[in-house]
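Residue numbering for the sequence shown follows this note's numbering, starting at 8 and increasing by one per position.
Backbone N, C-alpha and C fix where the C-beta goes; we use that ideal spot for every residue, glycine too.
The structure presented is a predicted model; accordingly, all values stated were derived computationally and were not measured.
So the structure is just underneath, and the comments pick up after that.
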Amino acid sequence: THAFASGSDAYRNTLARMIPLVESGGQLLIADGYLKQPACPEYRALLGEAIPDEMTHAANVATGQQLGLVPLAAWTSSEQEWDDFEWRYQRIIERKAREQPGDQGLQEKLQRRREWMQAYLQWGRDTLGYGLYLFQKP
């Protein structure tokens, strides 16, 4: 969704911009993050407002409905899928930073990524969710 907008309006704005591209009766599949529970203050400081506390799985479905779409299905990723995603990305950054020790930007990215993983382990696994939403345009 960040290709169409940033911050807390990214999901809604993405749907709104994609709806005109879909023919009547056509389907739209979108995926985005959501919160399983409100973020604690420390985690909120790291997340910023990109995923506000009110952006829940149910709210993501409701957003599509508010924009005139008919929900057909909604799925959530499992903790195992989240872990696979986070750790796979961590391995990529660790490897790139090891292979390019002189790249200061990459070393800074590695540091941010390590901080992110600490926060993910402490708060993220219980707080973040990832959903896929299938809608139909009437």
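Which of the three DSSP states is assigned to P58 in this structure? Along the sequence shown, read from residue 1 onward, the residue named residue 58 stands at position 51. Note that residue 58 is Ile in the sequence shown, not Pro. In the structure shown, I58 sits in coil (DSSP, three-state: anything other than H, G, I, E or B).
Strictly by DSSP, which residues pair up with V77? If you number the sequence shown from 1, residue 77 lands on position 70. According to DSSP, which records beta bridges pairwise, V77 is partnered with Q143.
Sequence-distant residues of its chain with Cβ nearer than 7 Å to Q97 (five each side left out): Here residue 97 corresponds to residue number 90 of the sequence shown, with the count starting at 1. These residues qualify, in order along the chain: R120 and M124.
Use the C-beta contact count for V77: other C-beta atoms within 10 angstroms, 16 or more gives buried, fewer gives exposed. Mapped onto the sequence shown, residue 77 falls at position 70. The residue is exposed, with fewer than 16 neighbouring Cβ atoms inside 10 Å.
What's the C-alpha gap between K144 and I26? Position 137 of the sequence shown, counting from 1, holds the residue named residue 144. Position 19 of the sequence shown, counting from 1, holds the residue named residue 26. Cα to Cα, the separation comes out at about 7 Å.
Locate the alpha helix (DSSP H) running through I100, then write down its first and last residues. The residue you call residue 100 lines up with position 93 of the sequence shown. Run containing I100: E86 to E106, per the alpha helix (DSSP H) assignment.
Examine chain B for any beta-carbon lying closer than 8 Å to the beta-carbon of R120, and answer yes or no. Protein chain content of the structure displayed is limited to a single chain, and chain B is not contained in it.
N-terminal and C-terminal residue of the alpha helix (DSSP H) that L113 is part of: For the purposes of this step, residue 113 is taken as the residue at position 106 of the sequence shown. Counting along the chain, the alpha helix (DSSP H) containing L113 begins and ends at Q111 to A126.
Between S15 and I58, what straight-line distance do the alpha-carbon atoms span, to the nearest angstrom? For the purposes of this step, residue 15 is taken as residue 8 along the sequence shown, with counting starting at 1. For the purposes of this step, residue 58 is taken as residue 51 along the sequence shown, with counting starting at 1. The straight-line gap from Cα to Cα measures roughly 6 Å.
Pull up the CB-CB distance for L139 and A38, whole angstroms please, since I reckon it's below 8 Å. For the purposes of this step, residue 139 is taken as residue 132 along the sequence shown, with counting starting at 1. For the purposes of this step, residue 38 is taken as residue 31 along the sequence shown, with counting starting at 1. With a Cβ gap of about 5 Å, L139 and A38 count as contacting.
If you draw a straight line from the alpha carbon of V29 to that of L35, how long is it in whole angstroms? Numbered from 1 along the sequence shown, position 22 holds the residue referred to as residue 29. Numbered from 1 along the sequence shown, position 28 holds the residue referred to as residue 35. About 7 Å.
Measuring alpha carbon to alpha carbon, tell me which of I100, R51 and D133 ends up nearest Q114. Numbered from 1 along the sequence shown, position 107 holds the residue referred to as residue 114. The residue with the shortest Cα to Cα distance from Q114 is I100.
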